[in-house]
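Asker:
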Amino acid sequence: MKRKSLRVPAEITFIAVFAFLINLWTENDSQTLYDRYFAFIFKWKLPIIIVALLFSSFYIYFREQIREYKEDLADNARMLLQAYDELKDFKWRARLLHAMKRFTQNEPYVLAVQLYEYTVKRERRKVVFKINHLDGYVWENIDLNAMVQAYYEVDARLFQQFEQAVRAFEADFLDPLLDFIQQYQPEIEGKDDIDDRTAIRYAFVQLALDLLETKINFDLFVDPETRRKINTRKRTGILRGIMMKDRFYTFLHDGNSDKQGRVYLTKTIRIKGGNYVFLLTLSPDILEEENHAEHFEKLSQAFAQEMHQAEQITYNNGEID
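Numbered per the numbering used here, the sequence shown spans residues 59 to 379.
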């Protein structure tokens, strides 16, 4: 930041000179004041041009001083506004973190809560998702590797087909989702060379299957080895949660580590005009509940209520102000 030199405002200088002259005037009569302080000045015969130049020089000097003073005021005002915005940002993030910590401590099945910020950009022939980790709280002695940043590039045609199928599904027409699955499933089954494109297609096919399973029994066959390769290549659970928009979405951790069987619960949310998604990490023991689907629903409602009750936070239709 540029260091400012200390300047005395022109108004203060003028007031000081004027006060000095007034003091001289009150302590001396006008004739004595003239003879003692000003008579010698008028003995000099100064050309008008010199007087004009002197006057102009003083005018330009004081005008420049005033301009710099105003610029200093504007710079200080901008710095104050920036500091105020940063303080507000810090405060709402601190309130959210406190709410996440409280929720994790109070819910026996919740191991961690993570908050991600995401953006979606439609480029030529593709839709790009960018996800950044913002904050989170993890229960003690829990091994959790939070995804710091991720990009997902989705083929624009696949993305459009999926959105159209979901809109039809919401209107109780299931065929478009079935057609979507049957079109892209063969590209996934038994594929040896797993790349990001395959992982993204698998994510959307899996999401379509998850939606269908809420109404009918439908089995997507992907052999365990292919599924393992896909999940090793690219984690797409948060992407699927974002695609579910205002719905809560759950998925399991696939793998052979101590994280195997963990349940993840996602929910998108709007905060101060931005797009965010929460990721709740749940203990595998929740699956042993007699009706864990209802337990997921109760847990999601409790989480929304926790956000609502967070200090100075309002939760209205999926948005925090």
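Where a beta carbon is used, it is the ideal one built from N, C-alpha and C, also for glycine.
What is the rounded straight-line gap between the Cα of GLN163 and the Cα of TRP197?
Answerer: Cα to Cα, the separation comes out at about 7 Å.
Asker: Mark ALA257 as exposed unless 16 or more other C-beta atoms lie within 10 angstroms of its C-beta, in which case mark it buried.
Answerer: Flag for ALA257 reads buried.
Asker: Got a sec, what are the start and stop residues for the alpha helix (DSSP H) TYR260 sits in?
Answerer: Here the alpha helix (DSSP H) through TYR260 covers 254 to 270.
Asker: What are the start and end residues of the beta strand (DSSP E) that includes GLN172?
Answerer: Per DSSP, GLN172 belongs to the beta strand (DSSP E) from 168 to 181.
Asker: Within the same chain, show all residues whose beta-carbon is closer than 8 Å to that of GLU347, passing over the 5 residues directly before and after it, in chain order.
Answerer: HIS353.
Asker: Does the distance from the CB of GLY246 to the CB of VAL224 come in under 8 Å?
Answerer: Per the sequence shown, residue 246 should be read as Ile rather than Gly. Taking 8 Å as the Cβ cut-off, ILE246 and VAL224 do not qualify as a contacting pair.
Asker: Please list, in chain order, all residues of the same chain as ARG320 whose beta carbon is under 8 Å from its beta carbon, the five residues on each side excluded.
Answerer: Answer for ARG320: LEU169, LEU310, HIS311, THR339, LEU340, SER341 and PRO342, listed in chain order.
Asker: What does DSSP give as the partner residues of ARG225 in its beta bridges?
Answerer: According to DSSP, which records beta bridges pairwise, ARG225 is partnered with nothing at all.
Asker: I need the straight-line Cα distance from GLN219 to ARG259, nearest angstrom please.
Answerer: Roughly 12 Å separates the two Cα atoms.
Asker: Comparing C-alpha positions only, which one of ASP304, GLY299 and ASP251 sits nearest to ARG286?
Answerer: Out of ASP304, GLY299 and ASP251, ASP251 has the C-alpha closest to the C-alpha of ARG286.
Asker: Can you tell me which of the three DSSP states ASP147 falls into?
Answerer: Reduced to three states, the DSSP call for ASP147 is helix.
Asker: Checking 8 Å against the spacing of the C-beta atoms, do TYR176 and ASN333 come in under that value?
Answerer: Yes, they are a contact pair.
Asker: Based on Cα-Cα distance, which residue from GLU211, TYR209, TYR210 and GLY194 lies nearest to ASN203?
Answerer: Checking every option, the nearest Cα to that of ASN203 belongs to GLY194.
Asker: Given this structure, state the Cα-to-Cα distance separating TRP150 from GLU165, to the nearest angstrom.
Answerer: Spanning the two alpha carbons is a distance of roughly 22 Å.
Asker: With distances taken from CA atoms, which of ARG153, ALA266, GLU211 and TYR307 is nearest TYR242?
Answerer: It is ALA266.
Asker: THR339 bridges to which residues according to DSSP?
Answerer: Looking at the DSSP assignment, THR339 forms a beta bridge with ALA170 and TYR322.
Asker: Which residues bound the beta strand (DSSP E) around GLN207?
Answerer: Here the beta strand (DSSP E) through GLN207 covers 207 to 213.
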